[in-house]
Amino acid sequence: MEKAPIHIAWQTTPKCNLKCVYCYANAGEDAKADVLSTSEAKKFILEASDLGVKSIVFTGGEPLTRSDILDLIEFTSDIGLKPILATNGTLLSDEFIKKLKEADASIAINLPTVSEEIHRRLTGASSSLKTKLSALEKCLKHGLKCSIGAAITKLNYKDIDTLLSYALEKDLYTDLLAVMPCGRARMEIIPTGLEYHSFLQRLWKKWRVVPMNAISCDSRISIYEPIYLALLAESEEGDWRRLCSIGETMHIMEDGSVRTCVFIPYTIGNVRKEGLNQIWKRLANDKLVVKLRDPEKLKGVCGACPFKTVCGGCRARAYLVKGDLFASDPVCWRTSDVF
């Protein structure tokens, strides 16, 4: 379990020029945090390289609200790591895109829909969709490796076919993401268990969507949703590996604190106070982290589920809704209290 994580995600800032209703970070223009300085960020990125990490994912908030973000991306590339920029796409300029290409960076643009009305309701901005689509076209024009990320909510899940058709037409990879009830996101915007079950079934039957850890050249659409694995196992559709990455990766928060899951407020250490290698060794052997990866520790419906070894439910969702890391996943259709 001490093998270096393939990638590290860094939440660069809480600031953002949009106010998406599903934002787990509660990011906004007025958001404040004691963020890592340029030198502090470069220090942990160097340590990540020494540890054997392959890529750094720059997330937010909106990373482009940091004046040093291009410098940090170029630094990451210069020391041999792959920089991946997760952005809402509205602040991308032609010159910035060219610089990303020169740094051999990849980019993931948050695009939950191609409907102007749905996009306005999700992001609170009336003109941001056109800006995003224009930025996507520019990224493709410059040959940048580009994907889109779409959070699944009650507002857009019925319209997902239109988005997926658009993405395939543009030859874009699409990552579908479960919404977590934290930050600005509330359970009210998450599909019910029955709605979700029907939606996930459609993703498999119509689009052959694969779990995110099984993405390949043969599949352009993936989803990060543990209970999707239960649906596939229930239908005897393939042999899939467990999706939850708790204990296998690190998320560095704005202030340098380190979590194994960005949604679970359990801190393993802080890169301002100690080296990344020391934090990783402690994380990989942490008693709670090890327990979270053990399906025999699960309670309720998840504990009795025949697919708990491949699915395990979402531990963050259980904690955020029920206050118990080992409780049943409140979004799963097998859990009676979602109906």
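Numbering follows UniProt numbering, with no gaps: position 98 of the sequence shown is 98.
The beta carbon of each residue, even a glycine, is placed where N, CA and C say it ideally should be.
Below-8 Å beta-carbon distance, residue i vs any chain D residue
i	result
F263	Chain labels in this structure do not include chain D; a single protein chain is all it has.
Boundaries (first-last residue) of the alpha helix (DSSP H) holding residue i
i	result
V258	From DSSP, V258 is part of no alpha helix (DSSP H) but of the beta strand (DSSP E) over 257-259.
L203	193-207
D78	69-78
S134	128-141
A167	160-169
I279	276-284
I252	Taken as a continuous stretch (DSSP letters only), I252 belongs to no alpha helix (DSSP H), being part of the beta strand (DSSP E) at 250-252.
Under 8 Å between C-beta atoms of residue i and residue j
i	j	result
W207	I190	no
V310	R242	yes
H7	T174	no
K170	L140	yes
L320	P226	no
C20	T65	no
V53	A4	yes
Range of the contiguous beta strand (DSSP E) that encloses residue i
i	result
F58	55-59
K145	145-152
I107	106-110
Residue i Cβ short of 7 Å to the ligand NAP heavy atom set
i	result
K308	Absence of the ligand NAP from the depicted structure is noted, as is the absence of any ligand whatsoever, leaving it without description.
Beta bridge counterpart(s) of residue i as assigned by DSSP
i	result
H7	S55
Y224	L177
G28	K15
K82	S55
Local Cβ density within 10 Å of residue i, reported as buried at 16 or more and exposed below that
i	result
I69	buried
Q11	buried
G312	buried
T267	exposed
Three CB pairs or more closer than 8 Å across the stretch 136-150 and the stretch 45-54: By the Cβ test, the stretch 136-150 is not in contact with the stretch 45-54, since fewer than three Cβ pairs between them sit closer than 8 Å.
Validate contact between the stretch 63-80 and the stretch 115-125 using beta carbons, cut 8 Å, 3 pairs: no
Three CB pairs or more closer than 8 Å across the stretch 253-266 and the stretch 195-212: no
Three-pair Cβ contact test at 8 Å for the stretch 154-170 versus the stretch 191-202: Contact between the stretch 154-170 and the stretch 191-202 is present, because at least three Cβ pairs lie under 8 Å.
Validate contact between the stretch 297-304 and the stretch 270-278 using beta carbons, cut 8 Å, 3 pairs: no
Cβ contact (3+ pairs, closer than 8 Å) linking the stretch 84-91 and the stretch 119-131: yes
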